[in-house]
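Below: the structure, in structure tokens.
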Amino acid sequence: MTATTINDAEVEKFGKLAEEWWNPDGKFKPIHKFNPVRLAYIRENVLRHFERDGGVMRPFEGLRILDIGCGGGLLCEPLARLGASVTGADAAERNIAIARLHAAQSGLDIDYRATTSEALAAAGESFDLVLNMEVVEHVDNVPLYMKSCADLVRPGGMMLTATINRTARAYALAIVGAEYVLRWLPKGTHDWKKFLTPEEITALITRNGMRVTDKVGVVYHPLEDAWKKSRDLEVNYMVLAEKAAD
Numbered sequence: 007m008t009a010t011t012i013n014d015a016e017v018e019k020f021g022k023l024a025e026e027w028w029n030p031d032g033k034f035k036p037i038h039k040f041n042p043v044r045l046a047y048i049r050e051n052v053l054r055h056f057e058r059d060g061g062v063m064r065p066f067e068g069l070r071i072l073d074i075g076c077g078g079g080l081l082c083e084p085l086a087r088l089g090a091s092v093t094g095a096d097a098a099e100r101n102i103a104i105a106r107l108h109a110a111q112s113g114l115d116i117d118y119r120a121t122t123s124e125a126l127a128a129a130g131e132s133f134d135l136v137l138n139m140e141v142v143e144h145v146d147n148v149p150l151y152m153k154s155c156a157d158l159v160r161p162g163g164m165m166l167t168a169t170i171n172r173t174a175r176a177y178a179l180a181i182v183g184a185e186y187v188l189r190w191l192p193k194g195t196h197d198w199k200k201f202l203t204p205e206e207i208t209a210l211i212t213r214n215g216m217r218v219t220d221k222v223g224v225v226y227h228p229l230e231d232a233w234k235k236s237r238d239l240e241v242n243y244m245v246l247a248e249k250a251a252d
């Protein structure tokens, strides 16, 4: 049997919500709220790492970026507007159909594929930046998934992993609070047992030939209704890693 990272139940769950992706007040409202802090962090580090001029209209011109588990394309579209050649991959075909339609309506050329990280790696694909955002907690075979993501990074490239820590506080906020009290997310969106700690993510990254260069938390500020970077990694966090140049 071929090894796979696909969790059929997770794919079906998000596929059923596909039409909601671009509704800022719909089921994916938290991701719309989350996007500004993610994009700012990506932009800041891409400009630094690839020595790009942030003052030009399309500073990511010439860079190839993969968003694995792209959903409806909420990250792909702004990255394409920054000039990157963007590939969005998702195991849920309905997500890809919605992403393609929205990109066409927006006049954006984005390469959307209904596929997996391991299939892309097996095909020999490579990218300057691989985005692994809020996906690792939804896949089967996490070691294979993280290996394939790392394999997709070109020498001299970067990978950004975002997920949720496996702490009591994360259970209280990301599951009880977000799914049952505030109802930001549908019940059953997350399984606490599948959350990974920053140390576990770091070990998986370094095992696959990359070096972690930054870890940052992301915390919700209710009075501002905004997510911001933080030193607090107890709930949501991001891990940035680089692969050595040849």
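Going by the working numbering, the first residue of the sequence shown is number 7, and it counts up by one from there.
Heads up, the beta-carbon is just placed ideally off N, CA and C, and yes, glycines get one too.
Nearest to residue 224 by alpha-carbon distance, out of 243, 139, 193 and 95, is 243. In this structure, 241 is the residue among 80, 241 and 88 with its C-alpha nearest to the C-alpha of residue 177.
In the DSSP assignment, residue 243 falls within the beta strand (DSSP E) that extends over 242-248. In this chain, residue 171 is not harboured by any alpha helix (DSSP H), its DSSP state being neither H nor E. Separation of the CB atoms of residue 165 and residue 81 is rounded to 14 Å, and the pair is thereby denied contact status at 8 Å. Beta-bridge pairing by DSSP links residue 73 to 94 and 137. The Cβ-Cβ distance between residue 115 and residue 93 does not fall below 8 Å. When DSSP states are grouped into helix, strand and coil, residue 233 belongs to the strand group. Contact annotation: the region 101-115 touches the region 64-83, with at least three C-beta pairs closer than 8 Å.
Distance between residue 231 and residue 128, taken at the CA atoms: about 42 Å.
Fewer than three pairs of CB atoms, one per stretch, sit closer than 8 Å, so the region 55-69 makes no contact with the region 31-43.
The beta-carbon separation of residue 112 and residue 74, rounded to 21 Å, does not stay under the 8 Å limit for a contact. Beta-carbon to beta-carbon, residue 211 and residue 245 are separated by about 7 Å, close enough to satisfy the 8 Å threshold. For residue 221, the uninterrupted beta strand (DSSP E) segment begins and ends at 217-227. According to the DSSP secondary-structure assignment, residue 119 is paired through a beta bridge with 95. Selection 161, 238, 171 and 90 evaluated against residue 217 yields 161 as nearest (Cα-Cα).
Within the same chain, Cβ atoms closer than 7 Å to the Cβ of residue 175 are found at 240 and 241, the five residues on either side in sequence being excluded. DSSP places residue 154 in the uninterrupted alpha helix (DSSP H) bounded by 148-157. Rounded to the nearest angstrom, the gap between the Cα atoms of residue 149 and residue 247 is 16 Å.
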